[in-house]
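Following: one structure in structure tokens, then a few remarks.
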Amino acid sequence: MNRRHMLLLMATLPVAALSSSTLAQTLNDLTGAVKDPMIAMLTGKLGVTESQAKGGMGSMLTLAKEKLASGDFSKLTSLMPQAAKYMDTAKQLGAVTGPLKNKAGLNGALAKLGMNSDTVNKFVPLVTDYVAKIGGESAKNLLLSVFK
32 MNRRHMLLLM
42 ATLPVAALSS
52 STLAQTLNDL
62 TGAVKDPMIA
72 MLTGKLGVTE
82 SQAKGGMGSM
92 LTLAKEKLAS
102 GDFSKLTSLM
112 PQAAKYMDTA
122 KQLGAVTGPL
132 KNKAGLNGAL
142 AKLGMNSDTV
152 NKFVPLVTDY
162 VAKIGGESAK
172 NLLLSVFK
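Laid out in structure tokens, this is it:
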């Protein structure tokens, strides 16, 4: 085998060595690099995992759905394209197993996700401040009304 063929063979080995599942995981990792900015903010500022952040958001949105009129809830979720996925995640992770009813119920859901009390206390203000940035004070006040 001449040198050129040997180099060509060696250059193709890494691609050939990738199994289809490895290649799929690599593609998922690359596409997953574009994260939801709200989830990225929560993971960065609170040190929670992505699953905890998504489950926490889903728990918060579940409480909002319980408390808000459907039109107001739709206004809020229009700011969060992943809202339905977050709510599903909260259920899948066992944070939401029934109605949350109030802030104490939300705090319990966040605790089920493995968040300590300090993190739980910081979660809502971080989310409401973020909602204000993307939707204005009226959106923030709408979300805050859920906790009254």
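With the numbering used here as the guide, the letters of the sequence shown map in order to residues 32 to 179.
The C-beta atom is built at its ideal place from N, Cα and C for all residues, glycine as well.
Where residue i sits in the DSSP three-state scheme
| i | result |
| --- | --- |
| S109 | coil |
| K66 | coil |
| T93 | helix |
| L175 | helix |
| G125 | coil |
| Q75 | At residue 75 the sequence reads Gly, which differs from the Gln that was named. Correct three-state label for G75: helix. |
| T120 | helix |
| A84 | helix |
Bounding residues of the alpha helix (DSSP H) (the contiguous stretch that carries residue i)
| i | result |
| --- | --- |
| V162 | S148 to G166 |
| G136 | K134 to K143 |
Contact set for residue i: own chain, Cβ-Cβ below 7 Å, skip 5 residues either direction
| i | result |
| --- | --- |
| F104 | A95 and K96 |
| V177 | L94, A95, K98 and L99 |
| A114 | L92 and T108 |
Chain-order list of residues whose beta-carbon lies under 8 Å from that of residue i (same chain, five-residue window excluded)
| i | result |
| --- | --- |
| G125 | K143 |
Status (buried if at least 16 other CB within 10 Å, exposed otherwise) for residue i
| i | result |
| --- | --- |
| S90 | buried |
| T128 | exposed |
| Q83 | buried |
| A71 | exposed |
Sequence-distant residues of its chain with Cβ nearer than 6 Å to residue i (five each side left out)
| i | result |
| --- | --- |
| M69 | Y161 |
| T150 | L77 |
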